[in-house]
Each structure stands twice: as structure tokens, then as C-alpha cells.
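Asker:
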Amino acid sequence: MAVWSGSDASAGGSARPSLTSVSSGELQSLRTCNCELALLPLRQLLLLQPDSFQLQGDTMAVLSPPSRRPGGGFTVISDGSLYVDGQRLCRLAGYFKRHVELNTHYDYKNYRETILGRPLVFFVNVRTKYNSSKEKTYALLVNTRHPKIRRQIENGMNSIISSVFGENYKLKFDFQDAVKKFFPSGAHLVNGENLCFSYEFKSDALFDFFYWFGISKDTVSVKGKVLNLSSTNTEKKEMIMKFLDKMSEPNLRSNSFSDRKFSVTSRTSVDDVFNGNLTPQSSFMESPFTVWSISAVQEPEA
Numbered sequence: 001m002a003v004w005s006g007s008d009a010s011a012g013g014s015a016r017p018s019l020t021s022v023s024s025g026e027l028q029s030l031r032t033c034n035c036e037l038a039l040l041p042l043r044q045l046l047l048l049q050p051d052s053f054q055l056q057g058d059t060m061a062v063l064s065p066p067s068r069r070p071g072g073g074f075t076v077i078s079d080g081s082l083y084v085d086g087q088r089l090c091r092l093a094g095y096f097k098r099h100v101e102l103n104t105h106y107d108y109k110n111y112r113e114t115i116l117g118r119p120l121v122f123f124v125n126v127r128t129k130y131n132s133s134k135e136k137t138y139a140l141l142v143n144t145r146h147p148k149i150r151r152q153i154e155n156g157m158n159s160i161i162s163s164v165f166g167e168n169y170k171l172k173f174d175f176q177d178a179v180k181k182f183f184p185s186g187a188h189l190v191n192g193e194n195l196c197f198s199y200e201f202k203s204d205a206l207f208d209f210f211y212w213f214g215i216s217k218d219t220v221s222v223k224g225k226v227l228n229l230s231s232t233n234t235e236k237k238e239m240i241m242k243f244l245d246k247m248s249e250p251n252l253r254s255n256s257f258s259d260r261k262f263s264v265t266s267r268t269s270v271d272d273v274f275n276g277n278l279t280p281q282s283s284f285m286e287s288p289f290t291v292w293s294i295s296a297v298q299e300p301e302a
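Mind the numbering: the sequence shown is residues 1 to 302 in the UniProt record's numbering, read in order.
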């Protein structure tokens, strides 16, 4: 459970996260397998991961780090734009679409491997007081290599396949509850729907009454412990940067998905998960722009 410092939001103060919930030893060990979910301000993420995220003008590009082996980095899931701290509208380049339609088993295979291939990132604006107009943009990191997170995503996909009556179905994954529990009472997620993503599998079946009546639709509320990576301390920021570098390293080998039907119980061991491979870039990914050599990101306020 995250620990907060400062005055309580319900008492009218400006609450902000501290790093007291993360021991120095935990970060120094760089054991990203201990991290299920993580949260930190967007501006801090931009400063600590300049090879993966670059903001210039009204565009933020999501990049594949040139300094690492192919396949590293993060997968940002978005609708293509965000309001930075509720004040500056920016468009995203290189993001993965939040809602997609799949029509073939090949589409499903690529989608599944893309979602599970590297850490997922979502951007959400938060008001620390419900009636406040001041917003702050946070980045939620989802460690898809962690067995607990991976199992929930895999089981959700497997379960709906084994339970649907027709050929068409829709599945949504929702991280809102986990993020709401991280923040103190009184905080408000301005655009909480940004913490969800979904896909629809649509075959050539013209009359799938189960789908049209909502029977073949499901939502998975993903649960996990949120690691607090927000800090203005120089030493801790350096540890967080190494931690994020480690998390975004490419996997070493790939699990083969040959069909849309899978065993409900994953046969992959913990060691296999953390030494797995990354999938090629998906066709549902928006292409980034040219890599900029200079980032226009400013140091976040203390």
C-alpha cells in the first residue's frame, strides 16, 4: 500500500506521493519481477526515460530506444492525445490503439503478443481534491512480465474464448480500481477511462445473437499492488531510472501462439516469463515521428 506524505487531501491540503513505500534496497536490487504496477508523474517519466519518450511542441513521441537491443521500450496505450497536467493538449506518436478490432486468428496472435510483449503505459490526469481545477498527469506502468499481471490478462483472454457461444466477442481490461486505491480519498481521476483497453473479435458470422445481446462481452478488472515511483530526491531518481531501464529491456525469447484457443492455465514458468521474447511491432501501432536529439522537457516542480 502506498504511503503518502504532506497534508491530507480531505483536509484541504495538497497531498502528493512519497517514496516511503519503496525501500532503497528494493530499487537497488533492480528486481523488476517484484513490480506489478507502478505510478509516477508524466514529467518525471520524460526526464528519466528520454530515449523512450520525447516531448517537443505539441507532440509526444513514443520511441524504441536506439541505445538498447531491438524490442525494448514500452507500449503506450492511448486514443492518440493527452492534456499534460490539464493545460497543454498534445498528440501522441508511436502509441498502440486503446480499442481495436480483430478479424482473423493471425490478428489475435499478433495482438496478444504485443500486449504481453513489453510493459504497458497509460496516461491519466488526477485531481488531488475532487473540487479542484488543478490536474497532474501520471503514467501507469503495467509490468506484463509479472506472473500475477500476466496471468490475469491471459486468463481473461482464455476464459472468454472458452465461454462464448458465437464467433464474435468483446473483452475489456480495466485498471481504474487499482489506481483509485493508490490515491487518497478525495482524489479524482479526470479521465479514468484512459486506464482501460479492449479488443473485439469479429468473424464473418452475420447473425451472432449472443454478441449483439451482450452475452459475449466481458470486463476484467486487473488487480495489483501499485509501486510508488514519484520522487524529487536525486539519489532515488537515479535508482528509479535504472529500475525503469531494467523493466523496459527486451525479452529474450518468444512464446508461440499459433491459434486463438489457449489453455486456461498458463504453462509458462516464472523464469520463462522474465526471460521471454518480444513480439514484432503490431499493425495497430501508430508510427512515431523522427527521433529528436533534444528533449524539451523541464524539470518537474518539487
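All C-beta atoms, glycine included, are put in the ideal place defined by N, C-alpha and C.
These numbers come from a predicted model, not from an experiment.
#1: Just reading off the beta strand (DSSP E) that LEU48 is part of, what are its end residues?
#2: At the level of alpha carbons, what is the spacing between ILE161 and TYR108?
#3: Could you tell me the boundaries of the alpha helix (DSSP H) in which SER163 lies?
#4: With H, G and I counted as helix, E and B as strand and the rest as coil, what does DSSP make of VAL3?
#5: Does the beta-carbon distance from LYS237 to LEU47 come in below 9 Å?
#6: Report the three-state DSSP secondary structure of SER14 (helix, strand or coil).
#7: Hey, out of THR232, THR219, GLN176 and SER185, whose CA is closest to LYS170's CA?
#8: Just grab the DSSP bridge partners of ILE77 for me.
#9: By how many angstroms is the C-alpha of GLU193 removed from the C-alpha of GLN176?
#10: Who pairs with PHE197 in a beta bridge, going by DSSP?
#11: Kindly give me the distance between the Cβ atoms of VAL179 and VAL124, rounded to whole angstroms, as I take these residues to be in contact under 8 Å.
#12: Alpha carbon to alpha carbon, how far is ARG151 from THR234? Give it in angstroms, no decimals.
#13: Consult DSSP for ALA139 and reduce its assignment to one of helix, strand or coil.
Answerer: Looking at the atomic coordinates:
#1: Unbroken run through LEU48 is the alpha helix (DSSP H), 42-48; no beta strand (DSSP E).
#2: 11 Å
#3: 147-163
#4: Note on VAL3: pLDDT 35, under 50, position unreliable in the model; the coordinate value appears next. Coil, per DSSP.
#5: For the pair LYS237 and LEU47, the CB atoms are nearer than the 9 Å cut-off.
#6: For SER14, the pLDDT reaches just 40, beneath the cut-off of 50, and the residue's location in the model is therefore unreliable, leaving the point undetermined.
#7: THR219
#8: PHE96, per the DSSP bridge assignment.
#9: 8 Å
#10: PHE173
#11: 7 Å
#12: 35 Å
#13: Here ALA139 sits in strand by DSSP.
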